[in-house]
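A quick write-up on the structure given underneath.
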Amino acid sequence: MHDVTPTSPAEVSRGDGEFRPPALGLRLSSRLLHATRGACAWLADRESALLGSALAEVPLREPIFIAGVARSGSTLLLEALASLPSVASARYCDFPPVWFPYWWTRLREQLPLPTPAPRMRAHGDGIKVTPLSPEACDELLWMHFFPQRHDPTVDQRLAAADQQARFDSFYARHIRKLLLARGAQRYLCKGNYNLLRLPYLRRLFPDARFVVPIRSPASQVQSLVRQHLRFSRLSARWPSVGRQLALSGHFEFGPQRRAECADVAEAVAIEAAFAVGDEVGGYGRQWASSYGVLASWLKADPELAHQVLLLPHERLCADPAATLRQLGEHCRIEQGRLQDWLVSWQHRIQARPEPALEALLLQTVEQHCGAVARQLGYASITGALA
Numbered sequence: 047m048h049d050v051t052p053t054s055p056a057e058v059s060r061g062d063g064e065f066r067p068p069a070l071g072l073r074l075s076s077r078l079l080h081a082t083r084g085a086c087a088w089l090a091d092r093e094s095a096l097l098g099s100a101l102a103e104v105p106l107r108e109p110i111f112i113a114g115v116a117r118s119g120s121t122l123l124l125e126a127l128a129s130l131p132s133v134a135s136a137r138y139c140d141f142p143p144v145w146f147p148y149w150w151t152r153l154r155e156q157l158p159l160p161t162p163a164p165r166m167r168a169h170g171d172g173i174k175v176t177p178l179s180p181e182a183c184d185e186l187l188w189m190h191f192f193p194q195r196h197d198p199t200v201d202q203r204l205a206a207a208d209q210q211a212r213f214d215s216f217y218a219r220h221i222r223k224l225l226l227a228r229g230a231q232r233y234l235c236k237g238n239y240n241l242l243r244l245p246y247l248r249r250l251f252p253d254a255r256f257v258v259p260i261r262s263p264a265s266q267v268q269s270l271v272r273q274h275l276r277f278s279r280l281s282a283r284w285p286s287v288g289r290q291l292a293l294s295g296h297f298e299f300g301p302q303r304r305a306e307c308a309d310v311a312e313a314v315a316i317e318a319a320f321a322v323g324d325e326v327g328g329y330g331r332q333w334a335s336s337y338g339v340l341a342s343w344l345k346a347d348p349e350l351a352h353q354v355l356l357l358p359h360e361r362l363c364a365d366p367a368a369t370l371r372q373l374g375e376h377c378r379i380e381q382g383r384l385q386d387w388l389v390s391w392q393h394r395i396q397a398r399p400e401p402a403l404e405a406l407l408l409q410t411v412e413q414h415c416g417a418v419a420r421q422l423g424y425a426s427i428t429g430a431l432a
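Put into C-alpha cells, the structure is as follows:
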C-alpha cells in the first residue's frame, strides 16, 4: 500500500469556484423517482402503449454504445457523436425522469425554459455543459431490472446467453420512444458499465456499433484517483453530492465507490486496496480487470471484435483528424455529413498534460496493468502505442 497521492491539491480542486451542489429540486425528484421506480416502469409501459403504432414503426438501426472504464475520454466522444442531427442521446435535463423519454421531451417543449450559459461539470475537468448536453442516464434502467448491479460480490458480466426478457423489450421500446420524440434515426448511449455487457447488448442489437475508449493505465489511473479525491472532498462538505452520484448510477468514485466485479476474487482485492487507501493499486486492478475482460472477449469472438472500435485517447490527441475519421467510419456516419463533422470537431481535441507518477506508483500500475495494456496495443503503461 502506498500513501503517496499521485496528484496535487491544485489538480483535485480545479473548477471548485464553479461547483454547485445538487439543487434541492433535483435531489427531491431523484429520491422520489428512485423510491417509486416500480411505478415508473409501469407508467413507462403505459407511455409505450399510448404511442401504439407510431412507436412500432420507428426503426431501431445501428445504435451506438460508448463503453469504457471511467476517465477514458468517453464524454468527448459522446459530445462529438451527439452533435450529429441524425443521432439522439439522453441529456442532462432527462435525469431523473429518464423513464419517460417521449412525455418528458414533449413537456419540455411546452415550457418557457431559460437558456443557461454553459458551466463546468462537477468533475472540474474543463468540460462545460448545459441541460441539453448529452449525458449517461440509462444506468437507472439497468439498476431496476438487474437489482444486483454494482454489488461488488456479484459478477457483473452479462453474456449473450443471459436472459432478462422484461428488460429486453422495455429497453428497445425506450430507445424507440427517444428516437420518436427527437425525430432522430439512431440512438447513442454512453455507459461506463456497459463495458461488461457488450455480448448482451450485441444480442439485443445485432447491428450495434461499440466504441471503447481507453487511456494508458498510468494516465487513466491517475485521473481516477484525482476524481475520487475530488468527489470525496466535495461530499464531505455537501453530503448530497455522494448521494446524488449513487442515485444516478455512478459508483466509480466518491464515498459510495464500489469495485466493478468482473471476477469475484479480483473484486475482493480491489475493495481491500480501497479500504486501506491504496488508491493506485485499487484503480490499477480495476483497469486491468475491466479491460482484461474486453481483451479476452475480442480474442475469442471475431464477430464482436468487428463491431468494437478500441479507441486510445493518446491516438485521438496525437492525430484527431485520422482518429475521428476512423470513429465516424466505424459508426457508419453518413458520407454526406462525415466531412463537415470532421472539420467541426478535429480542432476541438486537445491533450491535457498529466503530472508524472512517482516511480514507486508506476511500478504498482505496471504490476497490475502491464500485461493487459500490451494485449490492447500499448507498448508501455505511460502511453506509447505499439
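Residues 47 to 432 (the working numbering) are what the sequence shown spells out, left to right.
Cβ atoms here follow ideal geometry from the backbone N, Cα and C, with glycine treated the same way.
Proximity below 8 Å, CB of residue i to CB of residue j
i	j	result
Leu123	Leu373	yes
Glu317	Ala334	no
Ala90	Leu225	no
Thr450	Ser262	Outside the modelled stretch of the chain, which goes from 47 to 432, sits residue 450, for which no answer is possible.
Arg361	Leu291	no
Arg77	Leu293	yes
Leu356	Val200	no
Ala182	Lys236	yes
Arg232	Ser132	yes
Leu234	Leu340	no
Ala136	Pro180	yes
Pro358	Ile260	yes
Arg248	Ala206	yes
Leu79	Pro143	yes
Phe191	Gln209	no
Arg73	Ser286	yes
Rounded C-alpha distance that separates residue i from residue j
i	j	result
Cys86	Thr176	26 Å
Cys415	Ser99	50 Å
Ala315	Ala346	26 Å
Arg272	Glu103	46 Å
Ala368	Glu312	37 Å
Met47	Ala321	Legend: pLDDT at Met47 = 34, less than 50; position of this residue unreliable, value from coordinates given subsequently. Looking at the two C-alpha atoms, the distance is approximately 10 Å.
Arg107	Ala282	44 Å
His274	Gly300	5 Å
Phe141	Asp184	10 Å
Thr410	Gly119	23 Å
Leu127	Ala417	31 Å
Gly71	Trp391	35 Å
Glu298	Pro193	18 Å
Arg279	Gly288	10 Å
Leu370	Leu178	23 Å
Arg228	Ser94	15 Å
Val389	Glu375	15 Å
Thr121	Leu96	34 Å
Asp197	Arg420	29 Å
Glu404	Gly84	49 Å
Arg276	Tyr138	21 Å
Gln353	Ser342	15 Å
Trp88	Arg154	22 Å
Leu422	Gly382	32 Å
Leu407	Ser426	14 Å
Gly170	Glu325	20 Å
Residues bridged to residue i (per DSSP)
i	result
Phe111	Cys235 and Phe256
Arg117	None; Arg117 has no bridge partner.
Tyr424	Leu431
Ala134	Tyr233
Arg165	Val175
Pro193	Note: Pro193 sits in no beta bridge, so no partner.
Val354	Phe256
Pro180	Arg137
Residues near residue i by beta carbon distance below 7 Å, same chain, minus five either side
i	result
Glu64	Arg165 and Met166
Tyr329	Val267, Leu270 and Val271
Arg66	none
Gly338	Val418
For residue i, the first and last residue of its enclosing alpha helix (DSSP H)
i	result
Val389	Gln381 to Trp391
Leu157	Note, Leu157: premise wrong, no alpha helix (DSSP H); not H, not E.
Arg331	Glu325 to Ala346
Trp145	Here Trp145 belongs to no alpha helix (DSSP H), and DSSP marks it neither H nor E.
Val322	Element bounds for Val322: n/a, residue is neither H nor E.
Thr369	Pro366 to His376
Leu291	Pro285 to Leu293
Glu93	Arg83 to Ala102
Ser215	Ala211 to Arg228
Leu403	Where Leu403 is concerned, there is no enclosing alpha helix (DSSP H), given that its DSSP letter is neither H nor E.
Leu204	Premise fails: Leu204 is in no alpha helix (DSSP H) and is neither H nor E.
Arg249	Leu244 to Leu250
Nonlocal neighbours in the same chain, by C-beta distance under 6 Å from residue i, ignoring five residues either side
i	result
Asn238	Ala116
Lys223	Pro147 and Tyr148
Leu204	Arg243 and Tyr246
Arg195	Trp188 and Met189
Proximal residues to residue i (C-beta, below 8 Å), its chain only, five neighbours per side dropped
i	result
Cys363	Ile395, Gln396 and Ala397
Leu250	Asp214, Tyr217 and Ala218
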